[in-house]
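Visitor: Heads up: the sequence lines are chains C, Z and V, in that order. For the first sequence, counting from 1, position 259 maps to 268 in the numbering used here; every step adds exactly one. For the second sequence, counting from 1, position 141 maps to 142 in the numbering used here; every step adds exactly one. For the third sequence, counting from 1, position 127 maps to 665 in the numbering used here; every step adds exactly one. Glycine included, every Cβ here is placed at the ideal spot set by N, Cα and C. Below is one structure. I have some questions about it.
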Amino acid sequence: MSKTPEVAVSAPLKVETPFHRFVSDFADNKVALFALFVLVIIIFIAIFASVISPTDPYDLSKVSIFDSKLAPGSKSMDGVTFWLGTDTSGRDLLSSIFYGLRISLGVGVMSGVIALCVGSTIGLIAAYYGGYVDTLIMRIVDIQLSFPAILVALILISVLGKGVDKIIIALVLVQWAYYARTVRGTALVERNKEYIEAASCLALSNNRIVFRHLLPNCLPPLIVVATVQTAHAISLEATLSFLGVGLPITEPSLGLLIANGFDVMLSGLYWVSFYPGIALLITIVSINLVGDQLRDVLNPRLQK
Amino acid sequence: MTEQSLTLDVRDLKTHFFTKAGVAKAVDGVSFSVGKGEVLGLVGESGSGKSVTGFSILGLVDPPGRVVSGEVLFKGQDLLTLDPESLRRLRGDRIAMIFQDPMMTLNPVLRVDTQMVETIQAHDSSVSRKDALARARDALGQVGIPAPDERLRSYPHQFSGGMRQRVAIAIALLNKPDLIIADEPTTALDVTIQGQILYEAQKLCRETGTSMIWITHDLAVVAGLADHICVMYGGKAVEQGAIDDVLDHPVHPYTRGLLGSVPGHNTRGQRLYQIPGMAPSLLNLPQGCTFQDRCPRADEACLVEPGITEPVPGRAVRCCHPHLDKDEVIGA
Amino acid sequence: MSVFIIRRLLQSVIVVAVMSLIVFVGVNIVGDPVDMLINPEADQAEIARVIHDLGLDLPIHEQYLYFIKNAFKGDLGKSFIFGEPALKLIVQRIPATFELAFSALLMAVFIGVPLGVIAGMRPKAISSRAIMTGSILGFSLPTFWVGLMMIMIFAVILGWLPSTGRGDTVSVLGIEVSFLTVDGLRHMLMPAFNLALLKISLVIRLARAGTREAMHQDYVKFARAKGLSETRVIMVHVLKNIMIPVVTVLGLEFGSLIAFSVVTESVFAWPGMGKLLIDALHNLDRPIIVAYLMIIVLVFVIINLLVDILYSVLDPRVRLKDAGQ
Numbered sequence: 010m011s012k013t014p015e016v017a018v019s020a021p022l023k024v025e026t027p028f029h030r031f032v033s034d035f036a037d038n039k040v041a042l043f044a045l046f047v048l049v050i051i052i053f054i055a056i057f058a059s060v061i062s063p064t065d066p067y068d069l070s071k072v073s074i075f076d077s078k079l080a081p082g083s084k085s086m087d088g089v090t091f092w093l094g095t096d097t098s099g100r101d102l103l104s105s106i107f108y109g110l111r112i113s114l115g116v117g118v119m120s121g122v123i124a125l126c127v128g129s130t131i132g133l134i135a136a137y138y139g140g141y142v143d144t145l146i147m148r149i150v151d152i153q154l155s156f157p158a159i160l161v162a163l164i165l166i167s168v169l170g171k172g173v174d175k176i177i178i179a180l181v182l183v184q185w186a187y188y189a190r191t192v193r194g195t196a197l198v199e200r201n202k203e204y205i206e207a208a209s210c211l212a213l214s215n216n217r218i219v220f221r222h223l224l225p226n227c228l229p230p231l232i233v234v235a236t237v238q239t240a241h242a243i244s245l246e247a248t249l250s251f252l253g254v255g256l257p258i259t260e261p262s263l264g265l266l267i268a269n270g271f272d273v274m275l276s277g278l279y280w281v282s283f284y285p286g287i288a289l290l291i292t293i294v295s296i297n298l299v300g301d302q303l304r305d306v307l308n309p310r311l312q313k
Numbered sequence: 002m003t004e005q006s007l008t009l010d011v012r013d014l015k016t017h018f019f020t021k022a023g024v025a026k027a028v029d030g031v032s033f034s035v036g037k038g039e040v041l042g043l044v045g046e047s048g049s050g051k052s053v054t055g056f057s058i059l060g061l062v063d064p065p066g067r068v069v070s071g072e073v074l075f076k077g078q079d080l081l082t083l084d085p086e087s088l089r090r091l092r093g094d095r096i097a098m099i100f101q102d103p104m105m106t107l108n109p110v111l112r113v114d115t116q117m118v119e120t121i122q123a124h125d126s127s128v129s130r131k132d133a134l135a136r137a138r139d140a141l142g143q144v145g146i147p148a149p150d151e152r153l154r155s156y157p158h159q160f161s162g163g164m165r166q167r168v169a170i171a172i173a174l175l176n177k178p179d180l181i182i183a184d185e186p187t188t189a190l191d192v193t194i195q196g197q198i199l200y201e202a203q204k205l206c207r208e209t210g211t212s213m214i215w216i217t218h219d220l221a222v223v224a225g226l227a228d229h230i231c232v233m234y235g236g237k238a239v240e241q242g243a244i245d246d247v248l249d250h251p252v253h254p255y256t257r258g259l260l261g262s263v264p265g266h267n268t269r270g271q272r273l274y275q276i277p278g279m280a281p282s283l284l285n286l287p288q289g290c291t292f293q294d295r296c297p298r299a300d301e302a303c304l305v306e307p308g309i310t311e312p313v314p315g316r317a318v319r320c321c322h323p324h325l326d327k328d329e330v331i332g333a
Numbered sequence: 539m540s541v542f543i544i545r546r547l548l549q550s551v552i553v554v555a556v557m558s559l560i561v562f563v564g565v566n567i568v569g570d571p572v573d574m575l576i577n578p579e580a581d582q583a584e585i586a587r588v589i590h591d592l593g594l595d596l597p598i599h600e601q602y603l604y605f606i607k608n609a610f611k612g613d614l615g616k617s618f619i620f621g622e623p624a625l626k627l628i629v630q631r632i633p634a635t636f637e638l639a640f641s642a643l644l645m646a647v648f649i650g651v652p653l654g655v656i657a658g659m660r661p662k663a664i665s666s667r668a669i670m671t672g673s674i675l676g677f678s679l680p681t682f683w684v685g686l687m688m689i690m691i692f693a694v695i696l697g698w699l700p701s702t703g704r705g706d707t708v709s710v711l712g713i714e715v716s717f718l719t720v721d722g723l724r725h726m727l728m729p730a731f732n733l734a735l736l737k738i739s740l741v742i743r744l745a746r747a748g749t750r751e752a753m754h755q756d757y758v759k760f761a762r763a764k765g766l767s768e769t770r771v772i773m774v775h776v777l778k779n780i781m782i783p784v785v786t787v788l789g790l791e792f793g794s795l796i797a798f799s800v801v802t803e804s805v806f807a808w809p810g811m812g813k814l815l816i817d818a819l820h821n822l823d824r825p826i827i828v829a830y831l832m833i834i835v836l837v838f839v840i841i842n843l844l845v846d847i848l849y850s851v852l853d854p855r856v857r858l859k860d861a862g863q
């Protein structure tokens, strides 16, 4: 008969700030950590695209039709290596992807940030005023959310027309509802908690209560929603640009690059669509992996 | 009791739960036996390990729990060393189990007839659905459920608590098992239904020779029903014997405490005796005898775990200071 | 139950009405109705005549009523490109889109549910972790790009499947369906799978969550105590319990599949409603756009309503409780 040893459990006494704990919890998932690392690289590329690109694909004087449809690894007439090949107009694909990342990421993040501000404000208003205002706002949110994002986007685009600003408006209008619903839900829960009651007993102003006490505690789910929504926004913009109803040709996002390669793909020139797609994929997957881990890390803490 | 007539012989069963917080020794060296047609009452408070004992017999302990050692001899065959398929064949056929909460044990989205017929067909695939339904109907009648045809086509939530438990008992009876393990089957029911079910259970065992282990925390239930009793505390069997012997002359201080705290004629108008303290957490059992922190007779000798002794033939007790003096009863 | 249905019906009517208002406002106030509804190549006299015919010289609320009246008559304008009534053109394409969306739904269920159940049965196993990470990949993948890659691999490089278009059709009750022919199935395989990818992740997550919860329930332990084989425990007891949430969510997602078929139809040149819309957006064939929006909103609202009713029918606890009252 084997003796099963009693496992003694001792709690290590260590002073740990919540941020500390957050970072170490997040780092537990190695995959998410790697995704974060990749994401940082992508953001870096997007910001410094013009600096680190081997060529400027939109400088018409440098682009030559003789360089077009070259396979990855070939060299141009000037001796520059096209690491990922060229497209039908002779533009270096790698550089196009760098610039494309900047646009895709830029539009996605910008629309996300605006939607976050707009949606959160509306959500806070709904939670704060309650009653009729709350019901009306939430009804609108529910109805909009019962329609798929792509449909809402198409409706908005058919009504608003084309152009960068119109696309951003459309993306914002697609996303605000998620933010509004999340913030309103958390705000309602937090509002009833005792620390808010305590703060109001101290006769703090409403503004102070909302911004210094309520909002910080609403942040965790908001952060999670923001990451996932940004990924969706980037994906949606790419889809719309691919369909030709998104960003105009003057702002070539990754979606447009992929669309450009569609025609030549059937003749075997796979790289023109393939590599931009990979770039898009890596971006979205990284954001989603990071967002997933954020959700796992932030949620149990919320419940404590 | 001769060896051959023993339906179930449990020897030194140990089931431990390996959790992040430590090892919980839910069952730690429990032995008892049940003869043909006999009813064993397995008594203890929550956390004593009685339900886990029942599950261990059938091999239904979920991770992180595991049977660590011991023997469970069912008609001479050790269930713990049996392969999973053979064990599955015994379950529901030769050994049946009745759970505590019938609402949760019957699948809410499947009809009652489905749940009964599958029990039959799982063990004898040659039985046609018609025949299986006939047997199900008979079983429902046996447990006193009126209009069985209609009931068969219903869903569990359409039954009352007492009816559901009767259905669970009927399911247990379907394949005429040799042993039924009933885990607190009447705890969730009201007293009158409880009485009826107890009566029917007893009748059943007498008539069909089915052995039964009745797991409960309620001494009163066991008193009228069981032939033998096994009292559990802190994962160990602390006292065993024939029911009348144990109830009239309890030897272990815990059993005495339990009996003393049951209201009765003698104690009317007086303050009920309560065993001081609380049951220990299975993660943090005291060194030695598990009952020492609450025992009025505890001393240094109890720091060494007591072995099982037989003060009288047919009785077993695990105690350093058993009450061998027949006159001493607490609270009387 | 009937109170519930009536309430939902009323809600649906309100939503459709609001949508018609939005589309109307969008066309007539935000956009230029002359551009929207009149062929830009018409001459002045023609434009003036059409303006009068369409009632665009009337006050705005009368215009709206006119719009609604026409809508009920089935007149949502004539396509600039095809010259035929927009509504008729779209309705003709509905079978193709529905066929695609429905096949995608079936694929999502038949692939996603088994994977989700496996992942749920042993949540810590490597296979389960792999499935879950794979599902993140599933909804991160840009659908249109995956479609392109599929065409490249299976049609261009391997040559196993046709790259674009719909296969041979057969007429069933006056509707052209392609899944009854081998050629039709070959054409449908890639687009349906591409569309299904969106939802497979969702189904996997739902099935996994449901399975994990179900495995801890007492009825599973009881089923094992009865001596049922593990196969039966999973396939009957667990599955039936998780199918209810899976089916209801999928029912709602069917509408989103129809909307997203816009993308798949463009990639695979599948002749459905979605492709018609995208072409119309490019060609500024506005009557089609208006007609499409109205129809899709209607389809949506009807699907949501049906699913709500279906849910109350499926769950025996809900159904019988209502019947007993």
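Give the interface partners of residue 553 of chain V over in chain C, defined as CB-CB distance under 7 Å, in chain order.
Guide: 152
Visitor: With 16 as the cutoff for other CB atoms within 10 Å, does residue 22 of chain Z come out buried or exposed?
Guide: exposed
Visitor: Report whether the distance from the Cβ of residue 260 of chain Z to the nearest heavy atom of the ligand PLP is below 8 Å.
Guide: You won't find the ligand PLP in this model; it holds no ligand whatsoever.
Visitor: Using a threshold of 9 Å, state whether the C-beta atoms of residue 665 of chain V and residue 806 of chain V are closer than that.
Guide: no
Visitor: Listing by chain order, which chain C residues have their CB less than 9 Å from the CB of residue 694 of chain V?
Guide: 274, 275, 276, 277, 279
Visitor: What distance in whole Å lies between the Cβ atoms of residue 617 of chain V and residue 825 of chain V, which are believed to be in contact at a cut-off of 8 Å?
Guide: 6 Å
Visitor: Would you mind sorting residue 129 of chain Z into buried or exposed? The rule is 16 or more other CB atoms within 10 Å of its CB.
Guide: exposed
Visitor: Where are the beta strand (DSSP E) runs, 3 residues long or more, that stay fully inside the stretch 88–154 of chain Z, in chain order?
Guide: 96–99
Visitor: Can you look up residue 1 of chain Z in the DSSP assignment and give me helix, strand or coil?
Guide: Within the shown structure, residues of chain Z are numbered from 2 to 333, placing residue 1 of chain Z beyond reach of any answer.
Visitor: Using three-state DSSP, classify residue 206 of chain C as helix, strand or coil.
Guide: helix
Visitor: Could you name the residues that DSSP lists as bridge partners for residue 75 of chain Z?
Guide: Z/9, Z/78
Visitor: Anyone know if the C-beta pair for residue 154 of chain Z and residue 113 of chain Z falls short of 9 Å?
Guide: yes
Visitor: Mind pulling the chain V residues with CB within less than 9 Å of residue 253 of chain Z?
Guide: Going along chain V, no residue has its Cβ under 9 Å from residue 253 of chain Z, so there is no contact; the nearest lies around 31 Å.
Visitor: The stretch 95–119 of chain Z: which residues have C-beta closer than 7 Å to a C-beta of chain V, in chain order?
Guide: So the list reads 98, 100, 102, 105, 106, 107, 108, 109, 110, 111, 119, given in the order they occur along the chain.
Visitor: Between V/811, V/583, V/722, V/696, which lies nearest to residue 707 of chain V when the distance is taken from Cα to Cα?
Guide: For the residues V/811, V/583, V/722, V/696, the minimum Cα distance to residue 707 of chain V belongs to V/722.
Visitor: Mind listing the chain Z neighbours of residue 765 of chain V? Cutoff is C-beta to C-beta under 8 Å, in chain order.
Guide: For residue 765 of chain V, the chain Z residues whose C-beta falls within less than 8 Å of its own C-beta are 89, 90, 91, 92, 93, 94, 120, 123, 124, listed in chain order.
Visitor: Specify the secondary structure class of residue 241 of chain Z as computed by DSSP and reduced to three states.
Guide: Of the three classes helix, strand and coil, the one that applies to residue 241 of chain Z here is strand, per DSSP.
Visitor: Using only CA atoms, which one of V/751, V/648, V/735, V/804 lies nearest to residue 672 of chain V?
Guide: If we check each option's Cα against that of residue 672 of chain V, V/735 comes out closest.
Visitor: Kindly indicate which residue of V/688, V/610, V/695, V/644 has the alpha-carbon position closest to the one of residue 789 of chain V.
Guide: Of the candidates V/688, V/610, V/695, V/644, the one whose C-alpha sits nearest the C-alpha of residue 789 of chain V is V/644.
Visitor: Assess, as a yes-or-no matter, whether the stretch 223–237 of chain Z is touched by the stretch 296–303 of chain Z under the definition of 3 or more beta carbon pairs within less than 8 Å.
Guide: no
Visitor: Could you give the distance in angstroms between the alpha-carbon of residue 548 of chain V and the alpha-carbon of residue 124 of chain C?
Guide: Straight-line Cα distance between these residues: approximately 31 Å.
Visitor: Would you mind working out which of V/703, V/718, V/582, V/802 sits nearest residue 642 of chain V, comparing C-alpha positions?
Guide: V/802
Visitor: Which stretch, first to last residue, makes up the beta strand (DSSP E) that contains residue 48 of chain Z?
Guide: Element bounds for residue 48 of chain Z: n/a, residue is neither H nor E.
Visitor: Establish whether the CB of residue 671 of chain V and some CB of chain C are separated by less than 9 Å.
Guide: yes
Visitor: For residue 61 of chain Z, would you say it is in contact with chain V, using Cβ-to-Cβ distances shorter than 9 Å as the test?
Guide: yes
Visitor: Within this structure, are the beta carbons of residue 214 of chain Z and residue 180 of chain Z separated by less than 9 Å?
Guide: The Cβ atoms of residue 214 of chain Z and residue 180 of chain Z lie closer than 9 Å to each other.
Visitor: Would you say residue 117 of chain C faces chain V, with C-beta separation under 9 Å as the test?
Guide: no
Visitor: Could you have a look at residue 290 of chain C and say whether DSSP puts it in helix, strand or coil?
Guide: helix
Visitor: Where are the alpha helix (DSSP H) runs, 4 residues long or more, that stay fully inside the stretch 252–280 of chain C, in chain order?
Guide: 263–274
Visitor: Need the endpoints of the beta strand (DSSP E) that residue 29 of chain Z sits in, please.
Guide: It spans 23–36 - the beta strand (DSSP E) in which residue 29 of chain Z sits, taken as one unbroken run.
Visitor: Note down, in chain order, all residues in the stretch 286–307 of chain C with a beta-carbon under 7 Å from any beta-carbon belonging to chain V.
Guide: For the stretch 286–307 of chain C, the beta-carbon criterion of a distance under 7 Å to any beta-carbon of chain V is satisfied by 286, 289, 290, 293, 294, 297, 298, 301.
Visitor: Where residue 142 of chain Z and residue 776 of chain V are concerned, what is the direct C-alpha to C-alpha distance, given to the nearest angstrom?
Guide: 29 Å
Visitor: Three or more C-beta pairs closer than 8 Å, one from the stretch 259–271 of chain C and one from the stretch 228–236 of chain C: is that the case here?
Guide: no
Visitor: Would residue 680 of chain V count as contacting chain C if we go by Cβ distances under 9 Å?
Guide: yes
Visitor: Would you report the Cα separation of residue 321 of chain Z and residue 259 of chain Z, rounded to the nearest angstrom?
Guide: Cα to Cα, residue 321 of chain Z sits roughly 18 Å from residue 259 of chain Z.
Visitor: Between the Cα of residue 795 of chain V and the Cα atoms of V/610, V/733, V/750, which residue gives the shortest distance?
Guide: V/733
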